[in-house]
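The next block holds one structure in the form of structure tokens; read it before the comments.
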Ligand code: HAM
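Residue numbers (this note's numbering): 9 to 431.
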């Protein structure tokens, strides 16, 4: 049997890849406008980085990591996310020694052993940003507004931006205690996962989609009720800046993120139309993470969005560009000598940036012309033995059905002129 690709992965083929490039171009443009620089880190890291960074009690670390022993018997893990990696690089490459804050972005594959379904993959791609070394509420607002502006520019509608504050370790401990107290008498109606969460991570119960857990947590104390003064002032300031900047958000006191490192601001962007996996972006502040992995105390904030999910939303809302890039011209040559000369001509044109193709299958003249038409080429350059003998090239406009002859020595200049003028 032919070998198949692993479950939960995709081949991105021509025809689809243009959509990815369109989205990536828009991302890079917005990042440049906001002053973010790209960072690339390894696809795999020491397992301990994610255990310490993402958190031992999270689903990601407990169930979803691709972990393996390498030949030197070290435990390695394919990155399930990149925030921990960026913080590791910040410490290891001493980025804290550079002017602060560091404003970084990335686009790349992540790996999680999840149950594949629509919008959920085992290899998926994220665009994310991380700002390290700045604790002001204005930074939280900048990061959220970058997401907002990108989605506005892409033309996405019906987005819900949910914002919350999960507090600092002090107010979170208070919240946890109050929540456990509230849930103690309702524990038996919680789903199996939430029964387990009760001890190790009760906050996540607030986030559970199971109807009986939702009913059990109705009226439960939220993070908002327990925020300390500092966290509360920070949160109000973030909301005020966002409101003035025109970002439409909703405060969702039940929003709890699935990773352990968050402090203060947490947010998610949802698009209902794409189905159950409606979260297209998630992020928040993580002021203790750099220290947690052995670096100097450094505040941080960022987000990541699922490229596959953003593309699905663009698809459903019919916001992807339709125009496929067309080939500018095909060379139609007949005979070995004309093929050799034609090939040399194409090499010169290509080196000047003109996209041109030629027959590679030894087709007849008629079939070469057919194939040029099929590929949507604007021009056919015809070079047969007769043209060669007269040192000319026929340029046929396949849209208008007109043709002209140019001297071979002038061909590059003439064609390049046409290409630059876009005619
Ligand atoms: P996350 O919420 O785990 O956060 O993932 C962010 C986004 O990645 C999700 O909202 C979703 O769009 C996409 N995503 C996650 N898992 C999958 C999957 N299996 N298949 C398809 N898409 C998926 C993080 O990863 C944090 N590192 C975000 C962050 C950055 N927080 C601070 N800085």
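All C-beta atoms, glycine included, are put in the ideal place defined by N, C-alpha and C.
> Given residue 365, which residues of its chain have a CB within under 6 Å of its CB, disregarding the five upstream and five downstream residues?
Replying inline: 335 and 338
>> Quick check on this structure: which residue in 57, 371, 137 and 216 has the alpha carbon closest to the alpha carbon of residue 86?
In response: The shortest Cα separation from residue 86 among 57, 371, 137 and 216 belongs to 57.
> Excluding the five sequence neighbours on either side, which residues of its own chain have a C-beta within less than 7 Å of the C-beta of residue 261, listed in chain order?
Replying inline: Excluding the 5 residues flanking it on each side, residue 261 has same chain C-beta neighbours closer than 7 Å at 172, 230, 231 and 232, in chain order.
> With DSSP run on the structure shown, which of helix, strand or coil describes residue 172?
Replying inline: strand
> Cβ-heavy atom distance between residue 134 and the ligand HAM below 6 Å?
Replying inline: Under cutoff, so the answer is yes.
>> Tell me which residue opens and which closes the beta strand (DSSP E) that residue 441 is part of.
In response: The chain is shown from 9 up to 431; residue 441 falls before or after that span and cannot be answered.
>> Taking its Cβ as the centre, do 16 or more other Cβ atoms sit within 10 Å of residue 110, making it buried, or is it exposed?
In response: buried
>> Using 8 Å for Cβ pairs, my map puts residue 164 next to residue 228. What's the rounded Cβ distance?
In response: Not confirmed; about 32 Å, so no contact.
>> At a cut-off of 6 Å, would you count residue 288 as near the ligand HAM, judging by its Cβ distance to the nearest heavy atom?
In response: Yes - the ligand HAM has a heavy atom lying nearer than 6 Å to the Cβ of residue 288.
> Using the C-alpha atoms, what's the distance from residue 54 back to residue 83?
Replying inline: Going from the Cα of residue 83 to the Cα of residue 54 covers about 6 Å.
> Between residue 275 and the ligand HAM, is the CB less than 6 Å from at least one heavy atom?
Replying inline: For residue 275, the shortest C-beta to heavy atom distance toward the ligand HAM is 6 Å or greater.
>> Three Cβ pairs or more, each shorter than 8 Å: is that satisfied between the region 34-54 and the region 276-285?
In response: no
> What number of angstroms, rounded off, separates the C-alpha of residue 285 from the C-alpha of residue 320?
Replying inline: The straight-line gap from Cα to Cα measures roughly 11 Å.
> Considering only residues of the region 326-385, which uninterrupted beta strand (DSSP E) runs meet the minimum length of 3 residues and lie entirely inside it, listed in chain order?
Replying inline: 337-341 and 364-366
> Short check: CB of residue 420 to CB of residue 413, under 7 Å?
Replying inline: In this structure, residue 413 does not lie closer than 7 Å to residue 420 by Cβ.
>> According to DSSP, is residue 165 part of a helix, a strand, or is it coil?
In response: Three-state DSSP puts residue 165 in coil, outside helix and strand.
> What residue ranges within the region 81-116 form continuous beta strand (DSSP E) runs of no fewer than 3 residues, ordered along the chain?
Replying inline: 83-86
> Going by the C-beta, is residue 348 closer than 6 Å to any heavy atom of the ligand HAM?
Replying inline: Here the distance from the Cβ of residue 348 to the nearest heavy atom of the ligand HAM is not below 6 Å.
> Can you round the beta-carbon distance between residue 310 and residue 151 to whole angstroms, since I take them to be within the 8 Å contact cut?
Replying inline: 7 Å
> Mapping DSSP to helix, strand and coil, what is residue 275?
Replying inline: strand
>> My parser needs the alpha helix (DSSP H) runs of 4 or more residues fully inside the region 210-266; what are they?
In response: 219-224, 231-234 and 237-252
> By DSSP, does residue 319 sit in helix, in strand, or in coil?
Replying inline: helix
> For the candidate residues 69, 147 and 174, whose alpha-carbon lies nearest to that of residue 42?
Replying inline: 147
>> Tell me whether the region 238-251 and the region 87-96 touch, counting them as touching only if at least three CB pairs, one residue from each stretch, are closer than 8 Å.
In response: no
> Which residue or residues does DSSP assign as beta-bridge partners of residue 140?
Replying inline: Under DSSP, residue 140 forms a beta bridge with 110 and 308.
>> Taking 6 Å as the limit between beta carbons, can you name the residues of its chain near residue 44, skipping five residues before and five after?
In response: Within the same chain, residue 44 has close Cβ partners 111, 113 and 137.
> Looking only at DSSP bridge pairs, what is residue 324 linked to?
Replying inline: Paired residue(s): none; residue 324 is not in a bridge.
> Looking at residue 134 and residue 312, is the spacing between their C-beta atoms short of 7 Å?
Replying inline: Contact: yes.
>> Whole angstroms are fine: how far does the CA of residue 27 sit from the CA of residue 328?
In response: When the Cα atoms are used, residue 328 and residue 27 turn out to be separated by approximately 7 Å.
> In terms of residue numbering, what span does the beta strand (DSSP E) encompassing residue 194 cover?
Replying inline: No beta strand (DSSP E) holds residue 194; DSSP gives it neither H nor E.
> In terms of DSSP beta bridges, what is residue 314 paired with?
Replying inline: Partner(s): 134.
>> Which of the three DSSP states is assigned to residue 201 in this structure?
In response: Here DSSP, grouped into helix, strand and coil, assigns residue 201 to helix.
>> Taking 7 Å as the threshold (C-beta atoms), are residue 140 and residue 306 in contact?
In response: yes
>> Tell me whether the region 288-304 and the region 264-272 touch, counting them as touching only if at least three CB pairs, one residue from each stretch, are closer than 8 Å.
In response: yes
> According to DSSP, what are the bridge partners of residue 403?
Replying inline: Partner residues in the beta bridge of residue 403, as assigned by DSSP, are 389 and 412.
> residue 75 lies in the beta strand (DSSP E); which residues open and close that run?
Replying inline: Bounds of the beta strand (DSSP E) holding residue 75 are 75-77.
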